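Residue numbers (the numbering used here), protein chains in the order written: chain E, 155 to 430; chain D, 538 to 802. All residues carry an ideal CB built from backbone N, CA and C; glycine is no exception. Treat the numbers as computed from the prediction; the structure is a model and nothing was measured. Below you'll find the structure, written out as structure tokens, and then a few comments.
If you want it as structure tokens, here you go:
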């Protein structure tokens with residue numbers, strides 16, 4: 155028996171203005187599963203994540219999250235869905251004018267009618283889960299990069315979400331701290347059976363945390379499969395990414411001539427940089 | 538032909554900009570006036586601390602500037618009035634031009650420099666560091682959370698600051714009046730009060746409320762429109778200041794003309 159997918163994408167297309175970034179993406183995510191989205195810079199993986207949390211509107215296709223099509227929801231429905239998801243941003247995106255405790259408490263204060271004392275206990279609990287107990291009264295600026303990410307995860311966990319999204323959880327961290335974040339993700343997976351969607355280009359961490367992996371390149375899905383399937387894949391683009399092979403240099407004379415005379419490519423770097 | 542189409546395009550862009558300002562102001566007004574009665578409370582505490590920042594902390598510099606402006610007005614008016622032997626009319630000249638025009642305008646310009654730019658920089662920085670996105674993914678409207686308290690603070694504080702600016706201007710004028718025009722301070726102030734109609738003050742206050750809306754809308758819109766990196770935050774801040782000054786003058790012209798024709802009937 156297969157469970158209903160918690161997230162289901164059908165032929166999703168996203169454009170910035172005239173340029174299409176994602177050209178028809180379809181996949182399902184099952185409840186409790188950890189899906190790692192791999193891809194190089196400018197591959198569209200950040201755009202995909204932003205679309206999944208409703209920060210970008212799809213230009214075509216369907217995104218079903220818990221039975222709602224994001225492409226057709228009203229603002230009120232969207233807010234209801236957002237209360238069930240959490241998002242940890244690349245830089246943490248903690249509010250600099252509030253303490254760590256206030257940051258974690260914010261969704262609870264905004265969306266629940268809990269008493270202050272209850273909220274305080276929940277904040278302490280969430281911070282403990284990410285290994286930051288006792289840091290309630292620190293300002294985000296006083297935390298290191300890894301601690302900021304942990305605090306951001308605590309804030310994303312505040313509303314006990316069913317789906318948790320991570321944007322580049324280990325980017326810009328040293329290997330030891332990054333390994334700590336991987337451990338945290340594994341714990342969340344084990345303890346809460348949460349559905350996790352992680353965007354990354356760190357291969358080691360991807361193989362460690364993933365149930366299934368999705369490789370996207372230039373706005374298309376290249377491969378989708380379990381960790382084992384990906385490891386054994388013989389698809390050239392997958393192998394190139396996993397074996398960390400650089401783009402081949404232009405070798406032949408005719409190729410070089412073609413490069414010089416060809417029409418210019420549309421710049422696509424700016425779109426890939428969004429959300430970074 | 539190309540010039541005509543360019544002018545057309547610019548005009549449409551300009552109107553579009555004013556349209557988005559109005560849309561932002563409307564949404565902020567909804568979250569300030571309507572939403573609190575639908576169970577989405579306003580962040581009153583945030584509005585109060587914002588009002589402290591834009592209002593109370595602006596008092597020293599605003600007082601100094603408007604005191605000098607009042608004095609300058611008195612000197613300039615006296616230069617002309619002296620030729621008619623009407624130097625005692627200097628009190629009227631200062632009081633009327635301060636309350637009707639310069640009080641609201643100078644206040645607006647000081648507030649643009651202090652707060653309009655700060656709004657754009659604050660929201661722009663939050664945009665760049667994904668904090669605005671974080672708010673949205675937490676189902677918290679950035680307009681309700683960030684923009685609405687600023688609107689409330691500005692709409693209350695600008696008229697208050699304007700009244701203060703008017704008084705300081707009149708006080709500045711009195712320095713000249715007492716030193717050069719045979720007034721006592723008491724008589725100068727009395728002459729100023731006698732010369733003012735209630736209408737002079739209310740038109741100034743109506744304008745100041747409109748200035749407050751304009752400055753907040755431009756500052757917040759420029760902040761929210763920031764895309765890219767830290768460099769863009771600086772650019773947004775500059776744009777916010779320049780656009781605010783321009784639009785405040787346009788709003789000023791519109792309302793001055795409106796009051797002129799409405800009053801002359």
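Query                                                                                                                                                                                              : Result
Name, please, each residue of chain D whose Cβ falls closer than 7 Å to the Cβ of residue 303/E.                                                                                                   : Neighbours of residue 303/E on chain D: none; closest Cβ ~13 Å, over 7 Å.
Whole angstroms are fine: how far does the CA of residue 304/E sit from the CA of residue 285/E?                                                                                                   : 8 Å
Taking Cβ-Cβ distances below 9 Å as the criterion, which residues of the region 665-684 of chain D are in contact with chain E?                                                                    : 666, 667, 668, 669, 670, 671, 672, 673, 674, 675, 676, 677, 678 and 682
Among 585/D, 582/D, 639/D and 597/D, which residue has its Cα nearest to the Cα of residue 610/D?                                                                                                  : 639/D
What's the C-alpha gap between residue 283/E and residue 250/E?                                                                                                                                    : 22 Å
Is there a Cβ of chain D sitting closer than 8 Å to that of residue 222/E, yes or no?                                                                                                              : no
Could you check whether residue 186/E and residue 215/E sit closer than 8 Å to each other, using their CB atoms as the reference points?                                                           : no
Could you name the residues of chain D that residue 131/E contacts, counting a contact when the two beta carbons are closer than 9 Å?                                                              : A question about residue 131/E goes unanswered here, because the residues of chain E that appear run from 155 up to 430.
Please confirm whether residue 177/E has its beta-carbon closer than 8 Å to some beta-carbon of chain D.                                                                                           : no
What three-state label does DSSP hand residue 180/E in the structure shown?                                                                                                                        : strand
Take residue 653/D as the anchor and find which of 738/D, 737/D and 759/D has the nearest alpha-carbon.                                                                                            : 759/D
Using a Cβ-Cβ cutoff of less than 7 Å, which residues in the same chain neighbour residue 280/E once the five nearest sequence positions on both sides are dropped?                                : 258, 308, 311 and 312
Throw me the rounded Cβ distance for the residue 756/D and residue 656/D pair, which I believe falls under 8 Å.                                                                                    : 3 Å
Under 9 Å Cβ-Cβ, which residues of chain D neighbour residue 261/E?                                                                                                                                : 675, 676 and 677
What does residue 240/E pair with, by DSSP beta-bridge criteria?                                                                                                                                   : 318/E
Is the region 260-279 of chain E touching the region 206-223 of chain E in the sense that three or more CB pairs, one from each, lie closer than 8 Å?                                              : no
Starting from residue 631/D, trace the alpha helix (DSSP H) in both directions and tell me its first and last residue.                                                                             : 627-634
Is the Cβ of residue 241/E closer than 8 Å to any Cβ of chain D?                                                                                                                                   : yes
CA-CA distance, residue 767/D and residue 245/E?                                                                                                                                                   : 14 Å
Is the region 774-785 of chain D in contact with the region 712-729 of chain D, if contact means three or more CB pairs nearer than 8 Å?                                                           : no
Could you check where the beta strand (DSSP E) with residue 389/E kicks off and where it finishes?                                                                                                 : Residue 389/E -> no beta strand (DSSP E), and no H or E assigned at all.
Across which residues does DSSP place residue 370/E in a beta bridge pair?                                                                                                                         : 375/E
Should the region 163-181 of chain E be called in touch with the region 216-228 of chain E, which here means at least 3 C-beta pairs below 8 Å?                                                    : yes
Check whether the Cβ atoms of residue 762/D and residue 686/D sit closer than 8 Å, and answer yes or no.                                                                                           : no
For residue 157/E, count the other beta carbons within 10 Å of its own beta carbon; 16 or more makes it buried, fewer makes it exposed. Which is it?                                               : exposed
Considering only the alpha carbon of each residue, which of 174/E, 337/E, 359/E and 352/E lies closest to residue 203/E?                                                                           : 352/E
Hey, would you say residue 751/D sits closer than 8 Å to residue 784/D, going by beta carbons?                                                                                                     : yes
Identify, in the order they occur along the chain, each residue of the same chain with its Cβ nearer than 8 Å to the Cβ of residue 321/E, setting aside the five sequence neighbours on each side. : 200, 203, 241, 242, 243, 244, 353 and 429
Tell me, please, whether the region 377-387 of chain E touches the region 354-369 of chain E by the rule of three or more beta-carbon pairs shorter than 8 Å.                                      : yes
So residue 398/E is in the alpha helix (DSSP H); what residue range does that whole segment cover?                                                                                                 : Taken as a continuous stretch (DSSP letters only), residue 398/E belongs to no alpha helix (DSSP H), as it is neither H nor E.
Just the C-alpha distance for residue 288/E and residue 278/E, rounded to the nearest angstrom, thanks.                                                                                            : 8 Å
What residue range is occupied by the uninterrupted alpha helix (DSSP H) comprising residue 214/E?                                                                                                 : Where residue 214/E is concerned, there is no enclosing alpha helix (DSSP H), although the beta strand (DSSP E) it sits in stretches over 214-219.
I want to verify the contact list: residues of chain D whose CB lies under 9 Å from the CB of residue 265/E, in sequence order.                                                                    : 675, 676 and 677
Report the residues of the region 264-284 of chain E with a CB closer than 9 Å to any CB of chain D, ordered along the chain.                                                                      : 264 and 265
What number of angstroms, rounded off, separates the C-alpha of residue 190/E from the C-alpha of residue 581/D?                                                                                   : 42 Å
Starting from residue 735/D, trace the alpha helix (DSSP H) in both directions and tell me its first and last residue.                                                                             : 735-761
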